[in-house]
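Residue numbers (our numbering): 15 to 357. For glycine and all other residues, C-beta sits at the position ideal for the given N, C-alpha and C. What follows is one structure encoded as structure tokens, with my remarks underneath.
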């Protein structure tokens, strides 16, 4: 197995001129790409570990929490029919039960509990439906409202038509700036294609008669194809180093004109890694209903999990105390309603 190398930065020769702007930029891109790759790998590892711990530690607590909340809704439902409640208390209790049952019907995973909460919600929501709108359709206010709504709709339609027209014009004929950007993209992609062709010429397994060497080259070509498809210039340079097609001294000898498209490719690769890292962070927050940016670093994910476990344990204990009080203390329902109104 050939020795593994890494894409080394361009070193400043002793007693020589400092690095050019393109050389310094090349080094900076390599440094930032390596750091971003490490960060993305850390996110992937941390989220995988979080998923496993969440299933083990949090999901059982969530099931208990939801079951106790469903039990609370059913106890409140039973309490709603008891004598001695004022009309206002009974109405407030009905609204609270409807809200609680709606949240549970949307949140619990157990199908039987979800169906029971949906039925409970529907029963209380239907009883409290607001009276139908009895506004006079011919009143001046209603006529004015309809006319304004029609004007807003017409204005929105006209704006959409203008936007579609401008988009079509832009699509028909790219402007000078677009043509310049397209040309720059084609120029930047040229080194990627050249490196790919050189690697394919050297590593293509069909040209190898030795079975062991063919297996090795097949694995290398798979890496080459993946790196090329991903626009991974550092990966292709790494493979060139492994295939002895290039060395750090040769990269250091590149002119600024030759380095410029490399730097554009490296900038694109860095931007894509940053996008993937943001996507991993946002997907994690969406999966666990966290505010965007709440999980700022992968090293902090387990802290979020431990905090959630503590919160759930405290909530479960509080729910058990509430249920016990509602069953055993005559004034507990009025206390509960007072807190519900204040919340």
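Residue 275 beta carbon less than 8 Å from that of residue 56
Their beta carbons are not under 8 Å apart, which means residue 56 does not touch residue 275 by this criterion.
DSSP state of residue 269 mapped onto helix, strand, coil
Coil at residue 269, not helix or strand.
Please give the ranges of any alpha helix (DSSP H) in the segment 91 to 142, keeping only runs that are unbroken, at least 4 residues long and fully inside the region.
DSSP runs (the alpha helix (DSSP H)) wholly in the segment 91 to 142: 101 to 121, 125 to 141.
With burial defined as no fewer than 16 other Cβ atoms inside 10 Å of the residue's Cβ, what is the status of residue 254: buried or exposed?
Residue 254 should be labelled buried.
Minimum length 4: unbroken alpha helix (DSSP H) runs contained in the segment 301 to 346:
The alpha helix (DSSP H) runs of length 4 or more contained entirely in the segment 301 to 346 are, from start to end of the chain, 315 to 342.
Among 67, 268, 228, 278, which has the Cα closest to the Cα of residue 204?
Just measuring C-alpha positions, the residue of 67, 268, 228, 278 sitting nearest residue 204 is 278.
With DSSP run on the structure shown, which of helix, strand or coil describes residue 223?
Annotated three-state conformation of residue 223 is coil, per DSSP.
Where does residue 215 sit, in a helix, a strand or coil, going by DSSP?
Of the three classes helix, strand and coil, the one that applies to residue 215 here is helix, per DSSP.
Indicate the three-state DSSP secondary structure (helix, strand or coil) for residue 293 in the structure shown.
Reduced to three states, the DSSP call for residue 293 is helix.
Which class does residue 36 belong to by DSSP, given the choice of helix, strand or coil?
Note: residue 36 maps to helix in three-state DSSP.
With 16 as the cutoff for other CB atoms within 10 Å, does residue 336 come out buried or exposed?
By the C-beta density criterion, residue 336 is buried, having at least 16 other C-beta atoms within 10 angstroms.
Short of 7 Å in beta carbon distance, which residues of its chain neighbour residue 246, apart from the five on each side in sequence? Order them along the chain.
Beyond the five residues adjoining it in sequence on each side, residue 246 comes within less than 7 Å, by CB distance, of 283 in the same chain, given in chain order.
Beta-carbon separation (whole angstroms), residue 225 vs residue 235, contact threshold 8 Å
About 15 Å separates the beta carbons of residue 225 and residue 235, which is beyond the 8 Å limit, so they are not a contact pair.
Locate the alpha helix (DSSP H) running through residue 252, then write down its first and last residues.
Its alpha helix (DSSP H) spans residues 247 to 256.
Alpha carbon of residue 112 to alpha carbon of residue 87, nearest angstrom:
Near 9 Å, if we compare the C-alpha coordinates of residue 87 and residue 112.
Quick one: Cα of residue 323 to Cα of residue 67, how far?
Each residue's alpha carbon lies about 11 Å from the other.
Pick from 281, 75, 120, 300: whose alpha carbon is nearest that of residue 333?
Nearest of 281, 75, 120, 300 to residue 333, Cα basis: 75.
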